[in-house]
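Written below as structure tokens is the structure these notes are about.
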Amino acid sequence: MEENFRNIYKAIQEADALLIGASNGLSISEGYNIFADDHWFQKDFGDFRSRYGIRNILQGLFFQYPTEESKWAFFQQTDQPEMLSGTARSCNGGSVSSGWFPKIIFIVTSNGEDHFVPAGFDRDKVFEMEGRLTQSRCQNGCGTDPYENQNEILKMAKAEKNGQIPSELVPCCSCCGGPVTVNMANSNAFFQTEQFQKKMQDYQNFIKKYHGKRLAILELGVGWRNRMIKEPFMSLAASEPEAVYITFNKGEVYIPSEIAGKSIGVDGDIGEALKEICLARENL
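Counting from 114, one number per residue, gives the positions in the sequence shown under our numbering.
This is the structure we're talking about:
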């Protein structure tokens, strides 16, 4: 296993560019499991659990609340930035300048918790394929761009009481006056936004730019059934002669035989594995 870590470090260091894909396994390694009725969920969302029968974050994000005041009382609690950058920061060496990743990086993720930018990565190089909780957009899909919602969320958090926020803090669309929701892929309207289309084009441009070059493809917690990230990443690895495919996932590492010769898989906790790579770097 130590040799694997050395090989991963070497492959990333020698790459012309690094493409990172992240899914739920990364969030879970940081303690944020959108599928789990775990201790953290029961502690922080106990009122919603008992009142509405909500058993996890994902269910709560798509639940039909009786009022906008109760909906946003739930949404404001899903933003937990203090939990969400430990693993991402460790893979960046603490900061972009001191990190062991190459300078040229593009990240695609299906996670909505916004943990890469707080860890020091460039916002312009992060593509949240299913949106993020730190943005809001018009629920009617009137065409207005998603906007950063942290200031609104902080005000709601301070004023929330008994599973409700004050009516005056309920956000509405600045264009049509309609209801607002967090910027997640809960309808086709999300995929039609100018922001999503631009990020998708940036992703495609990155792949084209590094066609035929030494590309390191790194997956963090992406399940083998994932069609948004893993399937395109495996296809890219197969089509690029100079690519190296690296996948981290606890309890489930899948590498097809077609790319086995250019791949490295790590089964285990992502955060611990990244620390081991840092140690391997020091021992080279």
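We treat Cβ as the ideally placed atom computed from N, Cα and C, and that holds for glycine. Just so you know, these numbers come straight off a predicted model, no measurement behind them.
Whether residue i touches residue j by CB criterion (7 Å)
i	j	result
residue 219	residue 328	no
residue 301	residue 249	no
residue 386	residue 379	yes
residue 136	residue 364	no
residue 371	residue 356	no
residue 262	residue 289	no
residue 310	residue 259	no
residue 362	residue 138	yes
residue 142	residue 384	yes
residue 377	residue 120	yes
residue 240	residue 122	no
residue 81	residue 161	In this structure the chain extends from 114 to 397, so residue 81 is not present and cannot be described.
residue 298	residue 244	yes
Residue i: first and last residue of the uninterrupted beta strand (DSSP E) it sits in
i	result
residue 296	293-297
residue 240	239-241
residue 358	357-361
residue 133	130-135
Simplified DSSP state of residue i, which is helix, strand or coil
i	result
residue 189	helix
residue 178	coil
residue 391	helix
residue 218	strand
residue 287	coil
residue 254	coil
residue 342	coil
residue 379	strand
residue 303	helix
residue 329	strand
residue 268	helix
residue 368	coil
residue 249	strand
residue 194	Residue placement at residue 194 cannot be trusted, given a pLDDT of 48 that sits under 50; what the coordinates show is reported in the next sentence. Three-state DSSP puts residue 194 in a helix.
residue 244	strand
Boundaries (first-last residue) of the alpha helix (DSSP H) holding residue i
i	result
residue 145	No alpha helix (DSSP H) contains residue 145, which DSSP labels as neither H nor E.
residue 161	159-165
residue 262	That residue, residue 262, is in no alpha helix (DSSP H); it is neither H nor E in DSSP.
residue 121	115-127
Nearest neighbour of residue i, chosen from the options [CA to CA]
i	options	result
residue 155	144, 168, 143, 148	168
residue 125	216, 343, 244	216
residue 269	144, 362, 188	188
residue 368	346, 383, 232, 142	346
residue 294	116, 233, 173	173
residue 341	130, 159, 128, 222	222
residue 144	265, 228, 331	228
residue 256	280, 275, 305	305
residue 171	233, 292, 118, 158	158
residue 181	312, 276, 316, 128	276
residue 271	299, 186, 315	186
residue 366	336, 348, 179, 251	336
residue 319	224, 359, 117, 130	130
residue 467	175, 375, 128, 127	Since the first residue of the chain shown is 114 and the last is 397, residue 467 is not available in this structure.
residue 236	128, 312, 114	312
residue 278	118, 151, 266	266
residue 247	354, 338, 191	191
residue 286	314, 264, 251, 273	251
Test: residue i CB closer than 7 Å to a CB of chain B
i	result
residue 370	Of the chains in the structure shown, none is chain B; there is only one protein chain.
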